[in-house]
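J.:
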Amino acid sequence: MESASSIIRLSVTPPLHFSSNNKPTNQFSPCNHKTVTLRRFNTHTRRTAVAPPRYVTPKIGGGYRYVFPVDKPVIQRPLLDQCTRFSCFHHGRRKRFPICKSTPSAFSDKSIFHLSKHGLDNVFGKRVQVPCAAVGPDEPHAASTAWPEGLLEQQSSDNFMVDSENSQWQELQAFLSAQLPSHPKLFRGQLENGLRYLILPNKVPQNRFEAHMEIHAGSIDEEDDEQGIAHMIEHVAFLGSKKREKLLRTGARSNAYTDFHHTVFHIHSPTSMQDSDEDLLPSVLDALNEIAFYPKFLASRVEKERRAILSELQMMNTIEYRVDCQLLQHLHSENKLSKRFPIGLEEQIKKWDAEKIRKFHERWYFPANATLYIVGDIDNIPAIVHHIEAVFGQKQAEIEAPVAPPKTSAFGAMANFLVPKFTGGISADSLDKSLQNKIPKKERHAIRPPVEHVWSLPGKHENLKPPQIFQHELLQNFSVNMFCKIPVNKVQTYGDLRNVLMKRIFLSALHFRINSRYKSSSPPFTSIELDHSDSGREGCTVTTLTVTAEPKSWQGAIKVATQEVRRLKEFGVTKGELARYLDALLKDSEQLAAMCDNISSVDNLDFVMESDALGHMVMDHKQSYESLISVAGTITLEEVNFIGAQVLEYISDYGKESAPVPAAIVACVPRKVYVDGVGEVDFKISPSEITAAIQEGLKEPIEPEAEFEVPKDLITSTQVEDLKLQLQPSFVPALHSSAIRSHDIETGITQCRLSNGIAINYKISKTEKCGGVMRLIVGGGRAAETPETKGAVVLGVRTLSEGGRVGNFTREQVELFCVNHLINCSLESTEEFLCMEFRFTTRDNGMRAAFQLLHMVLEHSVWLEDAFDRARQLYLSYYRSIPKSLERSTAHKLMTAMLDEDERFVEPTPHSLQNLTLQTVKDAVMNQFVSDNMEVSIVGDFSEEDIESCVMDYLGTVRPTKGADKALSYNPIMFRPSPNDLHFQQVFLKDTDERACAYIAGPAPNRWGYRVDGSDFLESVRNMSVNKDVHPETQEQLVKAENTNFDLQRRSRNHPLFFAIAVGLLAEIINSRLFTEVRDSQGLTYDVSFEINLFDRLNLGWYVISVTSTPSKVHRAVEACKNVLRGLHTKKIAEHELDRAKRTLLMKHDAESKSNAYWLGLIAHLQAASVHRKDISCINDLVMLYGAATIEDVYLAYEQLKIDEQSLYCCIGVAGAQAGDDEVSGLLQEEEEYGGLHGVMPVGRGSHMMTMPTT
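For the sequence shown, numbering that gives the first Met the number 0 begins at 0 and goes up steadily by one.
(1) Which word fits R64, buried or exposed, when buried means at least 16 other C-beta atoms lie within 10 angstroms of its C-beta?
(2) Sort out for me which residues DSSP pairs A758 with in a bridge.
(3) For L199, tell me which candidate among G375, L280, R300 has the shortest Cα-Cα distance.
(4) Give the range of the alpha helix (DSSP H) segment to which R879 is assigned.
(5) Pair every Cβ in the segment 948-967 with every Cβ in the segment 1183-1190, then say whether three or more of these pairs are closer than 8 angstroms.
(6) Thinking just about the alpha-carbon of each residue, which of E346, F477, S888 is nearest to the one in Q226?
(7) Which value, in whole angstroms, describes the spacing of the CA atoms of V1062 and P971?
(8) On the CB-based measure, 16 or more other CB atoms within 10 Å of its CB, does E222 come out buried or exposed?
(9) Over the uninterrupted alpha helix (DSSP H) stretch that includes S1051, give me the two end residues.
(10) From V1123 to I1069, what does the alpha carbon distance come to, in whole angstroms?
(11) Is E537 closer than 8 angstroms to H331 when the C-beta atoms are compared?
(12) Which runs of the alpha helix (DSSP H) at least 4 residues long sit entirely within the segment 750-824? Give them in chain order.
(13) Would Y653 be called buried (16 or more neighbouring beta carbons within 10 Å of its own) or exposed?
(14) Quick check on the burial criterion: 16 or more other C-beta atoms within 10 angstroms. Buried or exposed for M933?
(15) Going straight from the alpha carbon of H32 to that of T895, what length do you get?
(16) Which residue spans inside the segment 942-991 form an unbroken beta strand (DSSP E) run of at least 3?
(17) Taking the alpha carbon of G1262 as the point to measure from, which residue in V772, T841, A870 has its own alpha carbon closest?
(18) In or out: F340 buried (at least 16 other Cβ within 10 Å) or exposed?
(19) Rounded to whole angstroms, what is the Cα-Cα separation between H43 and A1059?
(20) Apart from the five residues on each side of it in sequence, which residues of its chain come closer than 7 angstroms, Cβ to Cβ, to Y953?
(21) Nearest to K1153 by CA position, among C824, V861, D1174, E767, is which residue?
(22) For L246 versus I266, is the C-beta distance shorter than 8 angstroms?
(23) Of all the options W1158, L647, D931, I219, which has the alpha carbon lying nearest to the alpha carbon of A560?
(24) Who does C1210 pair with in a DSSP beta bridge?
(25) Between the alpha carbons of V499 and H910, how many angstroms are there, rounded?
(26) With C-beta atoms as the reference, is F482 less than 8 angstroms away from T547?
(27) Over what stretch of residues does the beta strand (DSSP E) that includes G375 continue unbroken?
(28) Do T492 and L185 have their beta-carbon atoms positioned less than 8 angstroms apart in this structure?
(29) For H742, which of L726, N760, N755 has the nearest alpha-carbon?
(30) Taking the straight line between their C-alpha atoms, what separation do you get for S253 and G193?
(31) Taking only the alpha-carbon atoms, compute the straight-line gap between F421 and E625 and give it to the nearest angstrom.
(32) Classify E277: buried if its beta carbon has 16 or more other beta carbons within 10 angstroms, exposed otherwise.
(33) Going by beta-carbon coordinates alone, are K762 and I748 separated by less than 8 angstroms?
(34) Based on Cα-Cα distance, which residue from P522, S507, G845 lies nearest to N640?
(35) Look at P1110 and E993 and say whether their C-beta atoms are less than 8 angstroms apart.
(36) Work out the CA separation of V617 and V453 for me, nearest whole Å.
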């Protein structure tokens, strides 16, 4: 599903066609690299069903894994996440601050809808009429689109010389003013008491549904003495619900969050009970009804959540969060958005009693101020409506305040800024004060959020503010943000959609322009990003230019950004760029239309909610595609350049009377910087210097962009045929097999091997229509680094990514080749492997193009000295930033101690980096890229003939090379011998605010049961008899024992995946206990997790407990975590704990099994010689293994974890103004003597945007 939303997000970073996922990051810190934003405050559990796209995600329990942006555990939208910056429709979650950085995306190619086909005659003939669903009343929470009155000007289309009497022109205007179609399956309704509801059938995931209750009240509705009370109510109402707790036994998951403009409670539930046909929808609705409208404000719960929120406030106060606050405070300095952050104010949170909280609830929590969303595998709409009426209809209608009627406002003088005329209501804050005083307390606002903005208008230079500077000792790099703020343009008509499309075409060029112009030398910037997007939470459209750079290069970075923005604004896009990006956007939309039935329910629901907040028309992907086709042929190069130029005027014409005045310019800079040969020195910068840099960049000479030649192929068919004649590629029997191909009927997986030694696994999957993914895995990774080549592999991979060249093609040509073929490529290095991953469309030879790129990387990679220098500088900068991050420095110190200072598992040091040369890193990487060390796996919507043709043409023609044995060899990896004095360490970080975190880790076997000493856990288990002499202590255990299939249990213990399954269940159980004991009962933390890092090739693994707390509680939190970890023998695992863990993991497997990316992970290593035990049974028997697992099996896995004091390592990090001083020592001593407040159960720490599981 799509909405006609308006979002463009572009970013420019030196890496080109590769999305290098070996970005420096810490080995394990499962909390620290979740970017904290003000998007919302999730209170309770991470919604694993739809994690925001991240470029770096933690491996389970340790080890960093650099992931493809679309590699997330949900039903995938292929080629969507890579294109959201350019797509006419943004789908899924997004966040404004910080703007997501990414490497260049890839688009579409050879669209069948070329510009020549889009004449007006075509437009009206091809338009598809789709029946609209019933549309309910206008949502009262749509963002304001009203411009200030008195600003009258013609529409931008009048700037072009047209004959208004021309019949074709009149026909075009009639078409553009026509309403876009609405989603045919989206059902809207409203109860008599005012509760609105939306129902949308959606088949992914099967047999599950989402139910979200949105209360149109958030932090923006708080009075001066209520700052944080909306968030407090969310906590108390949600966690105080007994009906919600009962649902957790059914396999349901729940969560809640608070934002500026709303509070949302959501439940993800099975459609029915596992062992019966009982419909769970009534129970889910009943729980939401209790949470939203009938919470119990018990004093004990209020006190518990007060302490939780106070801890949450301190924990989330990272430097990233503080930067976000600064940006919002200056962007919205004129209204309450700048001072109503949902987390609230500490001094106020401490004061409220239950009555104060109840009054806010009574004022805002009533049916007419709420919207219920139900999306999922449901189709009986009348029955659902009946359930809604039965549960919520009983509440009597409330007296509502009068709502200001929408007031038409002429488009006015801003016609040269944005095209369509605007109509919309006035902000509630603009009502006459006397009228406001008469409004009853139970009002709902016609405009959400109810604030007045100062728009970025031309000629308002009295509003021009000097750049603001936020300077902090924890900041490492320079960044500056230039903001422009305008009303939201509701996308309701074909004309609205047309303008969105033209902006995207225009702004898509900026990224490639900068890369092209600065390809030959190290640029002064780290990244240049342009974001143009609507924000329902802020009620406006914001354009943001963000420039990041090393502090020493900040002026040059600003000059480059402003010069290139001015160049694009003045000269516009070329004909070639117009054709290229229009085709790309149409191709992307076509791909999404093909994927229409594969979007997850939570993604669809979130976007419907955001679209309603913005007032955009909601369409499904097919409607969106047909609508785009309808408008594409009506656009002209002149209009595209005119419309796009106005988006950039606030930058390109900065300081001129005619230019829109920036809403804010905010620079975030370090207090000190590192200077080679000198060390740290003070960093000095002033607002006038920033202004001067902007103006100097705008004075730089500019010239029009030349047309760019984009290759149709990276390797021609003639070249392929020549190579085939020369090399005579063929399929040969796989290792330990006489068959040329091995096909598994149950999974659909085919295994084969080429004559050059490359192993091939592929699976034909129709779940993601016209989409495919491919992964090359090469054994070796960082483990192959020697003491003389520390950091060579990771730096080499980054160098290859930075260069982006193959053969005789420049990186710009390679990147545009990817754009034209909708390819996204990532490159990563892990401790064990090098990986390249491709996401592509199978339309229009997209898969063949991806194989061409892979062939060229393997055969014709180009290594550049300047790319090496950039990569090394990036790692130097990152290493020096570690001491400025509490989490990273704490984790780094623990890893160094546990692994005996083995640099292969931490960031390379400056000394190691300086010792490396381009040839050294090239050799380190290319010595692993030998054909007998390669495995390629492909999953997608293709035919057997197509995939084997591509494999033979582009992988069969890779020249055979030997060297797997050398690539897979590595110096032994050992844990530090015990005993030693590094089992417990502390890190102290000077900061203006107090925070604390800790990591607890210890040794474990690898995924296949091999231990670091070379012994084999599975071998010992095979010789162990199944315990049939079980003496059940409860009736539940008796029934379980009677039904135990001992033959199945014996079979599972002989399975190569036995340990991985058992330890995975153990991790779920430990996580549940950590939450219950450390967080909920003892109140020592709000964010605690247990994770296992299981290697595939290396004979070791480790577990990690990550916990955040306060300086006064962190030591007790660590001891509590240790007690839970070691307490599984004294407090035995119960059957219901095991059942819940099984249900959670099986449910996750079932949901993810519809994803190509998930299958790609399953089939990886099937033919890897270095991963001895993996075979097809590891996939076929997965469900059986979970079902057969017993408590005894879980304890067998538990006993493999080293948890004694001589094996366990711990590092505690404390940040604060007095961190490391005697006062801190006194504080810690005080903690040991502290017994808690009398009569009060201390409750723990809150969480940032993404929180940890409740179970």
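Quick reminder that beta carbons are idealized off the backbone N, C-alpha and C, glycines included.
T.: In short, the structure shows the following:
(1) As a working mapping, residue 64 is identified with position 65 in the sequence shown. At R64, the pLDDT of 26 sits below 50, so the modelled position is not reliable and the matter cannot be decided from this model.
(2) Mapped onto the sequence shown, residue 758 falls at position 759. Answer is R752, E934, bridged to A758.
(3) Mapped onto the sequence shown, residue 199 falls at position 200. The residue with the shortest Cα to Cα distance from L199 is G375.
(4) To locate residue 879, count along the sequence shown from 1; it is residue 880. It spans 864-880 - the alpha helix (DSSP H) in which R879 sits, taken as one unbroken run.
(5) They do not touch, by the three-pair rule.
(6) Your numbering for residue 226 matches position 227 in the sequence shown. Looking at E346, F477, S888, the one whose alpha-carbon comes closest to that of Q226 is E346.
(7) Against the sequence shown, residue 1062 aligns to sequence position 1063. Against the sequence shown, residue 971 aligns to sequence position 972. Using only the alpha carbons, I get a separation of about 25 angstroms.
(8) The count along the sequence shown starts at 1 and reaches residue 222 at position 223. Result: exposed.
(9) Taking the first residue of the sequence shown as position 1, residue 1051 is located at position 1052. Run containing S1051: 1045-1052, per the alpha helix (DSSP H) assignment.
(10) As a position in the sequence shown, residue 1123 is number 1124, starting the count at 1. As a position in the sequence shown, residue 1069 is number 1070, starting the count at 1. Near 7 angstroms, if we compare the C-alpha coordinates of I1069 and V1123.
(11) The residue given as residue 331 occupies position 332 in the sequence shown. The residue given as residue 537 occupies position 538 in the sequence shown. Cβ distance < 8 angstroms, so H331 and E537 count as in contact.
(12) DSSP runs (the alpha helix (DSSP H)) wholly in the segment 750-824: 791-802, 810-819.
(13) In the sequence shown, residue 653 corresponds to position 654, counting from 1. By the neighbour-count rule (16 or more Cβ atoms within 10 Å), Y653 is buried.
(14) Your numbering for residue 933 matches position 934 in the sequence shown. So M933 counts as buried.
(15) Within the sequence shown, the letter at position 33 stands for residue 32. Within the sequence shown, the letter at position 896 stands for residue 895. Reliability fails at H32, whose pLDDT of 32 lies under 50, so the model's placement of it is uncertain and the value that follows must be treated cautiously. A direct Cα-to-Cα measurement between H32 and T895 gives close to 19 angstroms.
(16) Within the segment 942-991, the complete beta strand (DSSP E) runs of at least 3 residues are 983-989.
(17) Since the first and last residues shown for the chain are 0 and 1254, residue 1262 lies out of range.
(18) In the sequence shown, counting from the first residue as 1, residue 340 sits at position 341. Under this definition F340 is a buried residue.
(19) To locate residue 43, count along the sequence shown from 1; it is residue 44. To locate residue 1059, count along the sequence shown from 1; it is residue 1060. Model confidence at H43 stands at a pLDDT of 39, short of 50, so the residue's coordinates are unreliable and nothing is read from them.
(20) Walking along the sequence shown from the start, residue 953 turns up at place 954. Correct list, in chain order: F850, Q851, L853, H854.
(21) Here residue 1153 refers to the residue found at position 1154 when the sequence shown is read from its first residue. Nearest C-alpha to K1153: E767.
(22) As a first step, residue 246 must be located in the sequence shown, where it is residue number 247. As a first step, residue 266 must be located in the sequence shown, where it is residue number 267. Yes. Within cutoff.
(23) As a first step, residue 560 must be located in the sequence shown, where it is residue number 561. Of the listed residues, the one whose Cα sits closest to A560 is L647.
(24) Here the question's residue 1210 lines up with position 1211 in the sequence shown. DSSP output for C1210 lists Q984, Y998 as bridge partner(s).
(25) What you label residue 499 is simply residue 500 of the sequence shown in a count that begins at 1. What you label residue 910 is simply residue 911 of the sequence shown in a count that begins at 1. C-alpha separation (whole angstroms): 50 angstroms.
(26) Position 483 of the sequence shown holds residue 482. Position 548 of the sequence shown holds residue 547. Against a cut-off of 8 angstroms, the Cβ pair of T547 and F482 comes out as no contact.
(27) Position 376 of the sequence shown holds residue 375. That run of the beta strand (DSSP E) goes 369-375.
(28) Here residue 185 is taken as the residue at index 186 of the sequence shown, counted from 1. Here residue 492 is taken as the residue at index 493 of the sequence shown, counted from 1. T492 is positioned such that its CB atom lies no closer than 8 angstroms to that of L185.
(29) Along the sequence shown, one-based indexing puts residue 742 at 743. Considering only alpha carbons, the answer is N760.
(30) The count along the sequence shown starts at 1 and reaches residue 253 at position 254. The count along the sequence shown starts at 1 and reaches residue 193 at position 194. When only Cα atoms are considered, S253 and G193 end up about 25 angstroms apart.
(31) Here the question's residue 421 lines up with position 422 in the sequence shown. Here the question's residue 625 lines up with position 626 in the sequence shown. Because F421 carries a pLDDT of 26, less than 50, the predicted location of this residue cannot be relied on, and the following value inherits that uncertainty. Near 25 angstroms, if we compare the C-alpha coordinates of E625 and F421.
(32) Counting from 1 along the sequence shown, the entry for residue 277 is found at position 278. Of the residues assessed, E277 falls on the exposed side of the cut-off, its CB having fewer than 16 other CB atoms within 10 angstroms.
(33) Position 763 of the sequence shown, counted from the first residue, corresponds to residue 762. Position 749 of the sequence shown, counted from the first residue, corresponds to residue 748. Less than 8 angstroms divides the Cβ of K762 from the Cβ of I748.
(34) Residue mapping note: residue 640 aligns to position 641 of the sequence shown, counting from 1. Here the closest residue by C-alpha is S507.
(35) Locating residue 1110 in the sequence shown gives position 1111, where the first residue counts as 1. Locating residue 993 in the sequence shown gives position 994, where the first residue counts as 1. Contact: yes.
(36) Locating residue 453 in the sequence shown gives position 454, counting from the first residue. Locating residue 617 in the sequence shown gives position 618, counting from the first residue. Near 28 angstroms, if we compare the C-alpha coordinates of V617 and V453.
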